[in-house]
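Going by full-length UniProt numbering, the final residue of the sequence shown carries number 262, and the count climbs one at a time with no gaps.
Report on the structure given below.
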Amino acid sequence: MLVKEYRICMPLTTEEYRVGQLYTISKHSHQESEKGEGVEVVKNEPHEDPVHGPGQFTEKRVHLSSKLPSWARAVTPRIFYITEKAWNYYPYTITGVPSPTVPLSWQCSFLPKFSIYIETKYEDNCGDSENIFRSDKILGDHEVSFLDIAFDEIPERYYRSLEDPRYFSSAKTGRGPLREGWRLHTKPIMCSYKLVSVKFEVWGLQSRVEQFVHKVRGGGEGARGARAARSERAAVPAPQVIRDILLIGHRQAFAWVDEWCG
């Protein structure tokens, strides 16, 4: 199992981000449903935790058949989905619980031994909280990667100029565009701290799937975004699939702020 920590800062407060996150998830679900794929809600119910207090439990099926690479489509069933189980105790959330009696977070319908577990904490700071998780799952040092919603590259096919934080300016909040070094001087600012664990145990497919999930994005490839301002971030390459999901989702939550704010 590979464990990495991601830190994604946003020019928002944690309370604002809570609203923006819910709006972004809802909008994505609607867009995917229009394409014939989307999110099927299996359970959505209150949940009480002895440590974190009252929260909400959700179980979803995320249908992704058309989004698989060609080599994966050749070995997967026609109907393919990922099961996501999440416990929301905002500003602390978990997708999956490390317990023998509770399944891990994202699981494939045809690969039960593949799972992704994400633990998230949100704080009103610029990502400078160290050892925020203090988790027994972490043995020794683990990689920490800062993701910059403005200056880190995303795949060309996902780029939208209206969603580029380097050029976007919010009419309602007056925030943006974001300039180099924005994380160190922008107010308000909050950070999503995400501890991501990926586990896959299937002989014959293990290396191929791990390369797909943990592939490191290099330069070129037609991706947009500046390559500067690296000195203020940890020089740790991020896995392509996880990295792209986190970057695009957070970019859009900010770029859509005038749709959900106020």
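Glycine residues also receive a C-beta, built at the ideal position from the N, C-alpha and C atoms.
Contacting residues, own chain, Cβ-Cβ under 6 angstroms from residue i (five flanking each side not counted)
{"i": "Ser197", "result": "Met1, Val3, Tyr117"}
{"i": "Ser99", "result": "Residue placement at Ser99 is poorly supported in this model, since its pLDDT is 35, which falls under 50; the coordinates still yield a value, given next. Excluding positions up to five away in sequence, the list is empty."}
{"i": "Gly20", "result": "Ala253, Trp260"}
{"i": "Val41", "result": "Lys60"}
Separation of residue j from residue i, as counted between CA atoms
{"i": "Thr13", "j": "Leu22", "result": "14 angstroms"}
{"i": "Tyr89", "j": "Arg7", "result": "19 angstroms"}
{"i": "residue 277", "j": "Thr95", "result": "Nothing can be reported for residue 277: it is not among the residues displayed for the chain, which extend from 1 to 262."}
{"i": "Asp49", "j": "Lys85", "result": "15 angstroms"}
{"i": "Phe254", "j": "Tyr122", "result": "15 angstroms"}
{"i": "Leu184", "j": "Ile242", "result": "24 angstroms"}
{"i": "Pro54", "j": "Ser170", "result": "34 angstroms"}
Residues near residue i by beta carbon distance below 7 angstroms, same chain, minus five either side
{"i": "residue 310", "result": "The first residue shown for the chain is 1 and the last is 262, placing residue 310 beyond what the model contains."}
{"i": "Cys126", "result": "Cys9, Arg183, Leu184, Ile189, Cys191"}
{"i": "Glu45", "result": "Phe57"}
Cut-off 8 angstroms between Cβ atoms - residues of its own chain near residue i, not counting five sequence neighbours on either side
{"i": "Trp182", "result": "Pro11, Ala150"}
{"i": "Leu162", "result": "Phe168, Ala255"}
Beta-ladder partner(s) of residue i, from DSSP
{"i": "Asp49", "result": "Gly53"}
{"i": "Trp87", "result": "Phe57, Ile94"}
{"i": "Ile149", "result": "Paired residue(s): none; Ile149 is not in a bridge."}
{"i": "Leu191", "result": "In the sequence under discussion, the amino acid at residue 191 is Cys, which differs from the Leu named in the question. DSSP output for Cys191 lists Cys9, Glu123 as bridge partner(s)."}
{"i": "Asn44", "result": "Thr58"}
{"i": "Lys4", "result": "Glu143, Val196"}
{"i": "Val39", "result": "Val62"}
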